[in-house]
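> One structure follows; several queries about it will come next.
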Amino acid sequence: MEQIICKDVSLGYDGNIVSEGISFRVCEGDYLCIVGENGAGKSTLMKALLGLHKPMSGTIALAGGLRQDEIGYLPQQTSYQKDFPASVEEVVVSGCLSRSGLRPFYNRREKQYAKENMQRLGILPLCKRCYRELSGGQQQRVLLARALCSAGKLLVLDEPVSGLDPAATNDMYEIIRKLNREDGVTIIMISHDIAAAAREADHILHLSRHPLYFGETRGYLASCVGEAFLRTEVKADER
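Everything in the sequence shown is counted per the working numbering, starting at 2 for the first residue and increasing by one.
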């Protein structure tokens, strides 16, 4: 079942086009990685999918009964956010804000849902700990649990392993893989790590000024675009 349909979209700011002609579809249970050079419009597209940025032209439509408030978002962390003085439990349950409406408190069901998502991500024993005292990998788990509280059908992840050490990176990819393959959560992830994208995702969208590829990962790896980008990444890692 289709959840997002993006048709001939152009993105940019102040009349200046960053990327154009973007067309792709995301179906329930997909794992899509968005890759491309810096400045190719990856983050702008993500904001458009979240309804935070209006396309200059074209359409982005939600399908299959998906609502905007059923899309969870894990942004890149700023240094200020990493030092946020709240408990793990408080951070996670704040993902339920969109559900609570004008109520100045969280009800029992929302608190239970937060607890379930903390259990799901293995951070329930940390629930009373201060968020800013956690490691980078633990913080990312907390924010992912918060995103699941916000909306559990589809997750939009912006460089979710940025700044993590190799062990925490592997843990995060494993968690995301489990959410997708075992729990059926649709994943859309921006990644600069093409090797990980090729390993984890079943679909790739490669952005440049014009989209260079959209389709299954195995087709991307066999394409001229995929091969060239992989060579570039390997050379960068060798420096």
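Ideal Cβ positions, reconstructed from N, Cα and C, are used throughout, including at glycine.
Relative to the C-alpha of Q77, which residue among M190, R210, I195 and A196 is closest?
For this step, residue 77 is matched to residue 76 along the sequence shown. Among M190, R210, I195 and A196, the Cα nearest to that of Q77 is on M190.
> Three Cβ pairs or more, each shorter than 8 Å: is that satisfied between the segment 219-227 and the segment 46-63?
Segments in contact, no.
> Alpha carbons only, please: which of Q120, N17, N171 and G42 is nearest the one belonging to A198?
On the sequence shown, residue 198 is found 197 positions in, with the first residue counted as 1. Of Q120, N17, N171 and G42, the residue nearest in Cα terms is N171.
> I'd like the ranges of any beta strand (DSSP E) spanning at least 3 consecutive residues and lying wholly in the segment 19-71.
Listed in chain order, they are 32-37 and 58-63.
> Looking at N118 and L75, is the spacing between their C-beta atoms short of 8 Å?
If you number the sequence shown from 1, residue 75 lands on position 74. If you number the sequence shown from 1, residue 118 lands on position 117. Not in contact: L75 and N118 (Cβ atoms no closer than 8 Å).
> What distance in whole Å lies between the Cβ atoms of L155 and I35, which are believed to be in contact at a cut-off of 8 Å?
Residue mapping note: residue 35 aligns to position 34 of the sequence shown, counting from 1. Residue mapping note: residue 155 aligns to position 154 of the sequence shown, counting from 1. Actually they do not touch by this definition, with Cβ atoms about 14 Å apart.
> What number of angstroms, rounded off, separates the C-alpha of L165 from the C-alpha of P56?
For the purposes of this step, residue 165 is taken as residue 164 along the sequence shown, with counting starting at 1. For the purposes of this step, residue 56 is taken as residue 55 along the sequence shown, with counting starting at 1. If I take the Cα positions, the gap works out to 32 Å.
> Considering only the beta carbon of each residue, do T187 and E29 sit closer than 8 Å?
Stepping through the sequence shown from its first residue, residue 187 is reached at position 186. Stepping through the sequence shown from its first residue, residue 29 is reached at position 28. Yes, they are a contact pair.
> Helix, strand or coil for F85, going by three-state DSSP, please let me know.
Within the sequence shown, residue 85 is the residue found at index 84, counting from 1. In the structure shown, F85 sits in coil (DSSP, three-state: anything other than H, G, I, E or B).
> From the DSSP secondary-structure annotation, give me the bridge partner or partners of C225.
In the sequence shown, the residue the question calls residue 225 occupies position 224. Answer by DSSP bridge pairing: none, since C225 is not bridged.
> Just the Cα atoms here: how many angstroms apart are G137 and K8?
Here the question's residue 137 lines up with position 136 in the sequence shown. Here the question's residue 8 lines up with position 7 in the sequence shown. Distance between the alpha carbons of G137 and K8 is about 37 Å.
> Just how far apart, CA to CA, sit V235 and S192?
Stepping through the sequence shown from its first residue, residue 235 is reached at position 234. Stepping through the sequence shown from its first residue, residue 192 is reached at position 191. Any answer about V235 is weak, because its pLDDT of 48 lies below 50 and its placement is not dependable; what the coordinates show is given next. C-alpha separation (whole angstroms): 15 Å.
> Decide if C97 is buried, meaning its Cβ has at least 16 other Cβ atoms within 10 Å, or exposed.
For the purposes of this step, residue 97 is taken as the residue at position 96 of the sequence shown. The residue is buried, with at least 16 neighbouring Cβ atoms inside 10 Å.
> Determine whether the beta carbon atoms of L33 and H207 lie at a separation below 8 Å.
On the sequence shown, residue 33 is found 32 positions in, with the first residue counted as 1. On the sequence shown, residue 207 is found 206 positions in, with the first residue counted as 1. No. Outside cutoff.
> I need the boundaries of the alpha helix (DSSP H) containing G216, first residue and last residue.
As a first step, residue 216 must be located in the sequence shown, where it is residue number 215. Looking at the DSSP string, G216 is not in any alpha helix (DSSP H); the run it does join, the beta strand (DSSP E), is Y214 to E217.
> Which residues mark the beginning and the end of the beta strand (DSSP E) in which Y14 is found?
Residue numbering aside, residue 14 sits at position 13 when the sequence shown is read from its first letter. Per DSSP, Y14 belongs to the beta strand (DSSP E) from E3 to Y14.
> So D172 is in the alpha helix (DSSP H); what residue range does that whole segment cover?
Here residue 172 is taken as the residue at index 171 of the sequence shown, counted from 1. D172 -> alpha helix (DSSP H) spans P167 to R182.
> Does the separation of the CB atoms of S1 and E21 fall below 8 Å?
A question about residue 1 goes unanswered here, because the residues of the chain that appear run from 2 up to 240.
> For N118, which three-state DSSP category applies?
Counted from its first residue, the sequence shown places residue 118 at position 117. In the structure shown, N118 sits in a helix (DSSP, three-state: H, G or I).
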